[in-house]
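Numbering (the numbering used here), first residue to last: 267 to 708.
Working notes, beginning with the structure itself.
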């Protein structure tokens, strides 16, 4: 059927291009009749002018796939970077499991200055890494795509585009496939964003984020050092055969817990709070202030007929995990006050009925290496490891006098408080970065 040329629909090659064209058209109509400056909300005062639209394909040399080779033990010189070697949170290279490529090394796969590597498949699709020369000589694997940023652009500025919410939304849409998520080199090349007309402005924005990223990295290292120090002290203090050897079954009583699923819990209203094993695995400290965390309620009609309300000093153990280092992880509950808290699915609820310990001591003792080594030896399973109350009762602790317990708890609690404060500082820096990413980019 013939159509008037003015009304003819353009022959877009894909639905994605149609969506982009509609978006551009809507933006044009919205700004017709008035001056609209394509510039970010935040800007250094010395810069003016509209930002120009570009793509990864225009900013970088043609995007290329990495080498299809297995990894081997690190040879001391040539590093092999894979998707899993890029940190999920900081997008930096992780050096805790260095490997080398098990293949003939070709220069075209060597990672160079101003290279950006993009993850092209799997759950980490969209994750990116900007090469840091301090990471050493490395080659990139086949599930990564490499683009070298041209000299007219600041590579850090281009890389920062991959940390914006706009980019993350684009990845969510673009990576949808019938099977494994993925984005190919042509699709990465097509990603659109805006750059300032002056490379000097790119440089200044990049310098600001470089300082902020370094501060965030420093804060992460501080937290890691504090955690290592606290765990080392805890392990050393709790493994002391000079103290009284007491079996857990001789001073702890254990209670039946409920098996409610997440679907039977809510956060809006209820009478009884539920401590789910997922919260324990999610990184709660060894001693939990119940007034400071948000525990879900049990939905009306889902409350079991029989349940035991937790008291200050009670301990909740995670009874299962895919990792033997996590099975039996424990938290000691404090500051419950007028709340009704019960232990839920995949937890074991224990109480010191002999009053042999002071508040806080059990949380540290049950998370010491000495105690966990006992649990790991008797945990059952192959893929998912589990423990029961009999397993716990058969293990033992070394328990000192009440006075020594108080000193130990005081020392370790100070370190734990320092870690929490440091983590709050890190969170504040991360919020600041999100704010600047939103304000300094279009």
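No residue lacks a Cβ here, since even glycine has one placed at the ideal position from N, Cα and C.
Contact annotation: the region 526 to 542 touches the region 596 to 613, with at least three C-beta pairs closer than 8 Å.
One thing to note: residue 662 has its Cβ no nearer than 7 Å to the Cβ of residue 523. About 5 Å separates the beta carbons of residue 326 and residue 415, which is inside the 8 Å limit, making them a contact pair. Around the beta carbon of residue 580, 16 or more other beta carbons sit within 10 angstroms, so the residue counts as buried.
Residue 623 and residue 533 have their C-alpha atoms roughly 33 Å apart. A check of alpha carbon separations from residue 352 across 307, 407, 344 identifies 407 as the nearest.
With a contact defined as Cβ atoms closer than 8 Å, residue 602 and residue 578 qualify at about 5 Å. Counting only residues of its own chain and dropping the five nearest sequence neighbours on each side, residue 330 has a CB closer than 6 Å to the CB of 412.
Cβ atoms of residue 517 and residue 618 come within 8 Å of each other, at about 6 Å.
In the assembly as shown, residue 552 is a buried residue. Its beta-carbon has 16 or more other beta-carbons within 10 Å. Pairing residue 545 with residue 320, the inter-Cα distance amounts to about 44 Å.
For the beta strand (DSSP E) assignment, the uninterrupted runs of no fewer than 3 residues enclosed by the region 584 to 646 are, from N- to C-terminal side, 596 to 600, 606 to 609, 613 to 618. Around the beta carbon of residue 564, 16 or more other beta carbons sit within 10 angstroms, so the residue counts as buried.
For residue 438, the closest C-alpha among the options 426, 425, 368, 453 is that of 453. Spatial neighbours of residue 399 in its own chain (CB-CB distance under 7 Å, excluding positions within 5 residues in sequence) are listed in chain order as 379. In this structure, the straight-line span from the alpha carbon of residue 664 to that of residue 373 is close to 58 Å. Approximately 12 Å separates the beta-carbon atoms of residue 347 and residue 396; this is outside 8 Å, ruling out the contact.
When 555, 449, 567, 630 are compared, the shortest CA-CA separation from residue 505 is found for 630. Looking from the CA of residue 478, the closest CA among 705, 704, 699, 707 belongs to 699. Residue 675: member of the alpha helix (DSSP H) spanning 668 to 706, first to last residue. As the crow flies, the alpha-carbon of residue 417 is around 57 Å from that of residue 637. Shown here for residue 390: same chain residues with a beta carbon closer than 6 Å to its own, the five before and five after excluded, namely 349 in chain order. The region 463 to 472 and the region 679 to 694 do not touch, with fewer than 3 CB-CB distances between them shorter than 8 Å. In the DSSP assignment, the residues bridged to residue 366 are 338.
In terms of Cβ geometry, residue 426 and residue 475 form a close pair [threshold 7 Å].
In this structure, residue 587 places its C-beta atom within 7 Å of the C-beta atom of residue 651.
Of the candidates 591, 531, 375, the residue whose Cα lies closest to the Cα of residue 566 is 531. Under DSSP, residue 521 shares a beta bridge with 615.
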